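Notes follow once the structure below has been shown.
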Amino acid sequence: PIWLYAYLVHECHPAAWVGCYDTRLGAVVVSTHTHAVTVGSVLTLELPNN
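Numbers in my numbering are just positions in the sequence shown, counted from 1, shifted up by 108.
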């Protein structure tokens, strides 16, 4: 649920940046405290096949 994502992002506040995983895109940056990434940036992830 969306409230859980909001809570988890809040708990990760001290991190340099936080991303949420979207199966179609990858990790989408939703919060940042650094100039290295911007909100909305998409980071490609390669997950292992299980």
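For glycine and all other residues, C-beta sits at the position ideal for the given N, C-alpha and C.
In this text the structure is predicted, and so the values were computed from the model without any measurement.
In the structure shown, VAL117 falls within a helical segment according to DSSP collapsed to helix, strand and coil. With contacts defined by Cβ atoms closer than 9 Å, VAL136 and VAL150 form a contacting pair. In the structure shown, the three-state DSSP call for LEU155 is coil. Closest option to ALA123, judged by alpha-carbon separation, among THR142, ASN157 and ASN158: THR142.
The beta carbon of LEU153 lies closer than 8 Å to those of TYR129, GLY134 and ALA135 in the same chain, with the five residues before and after it left out.
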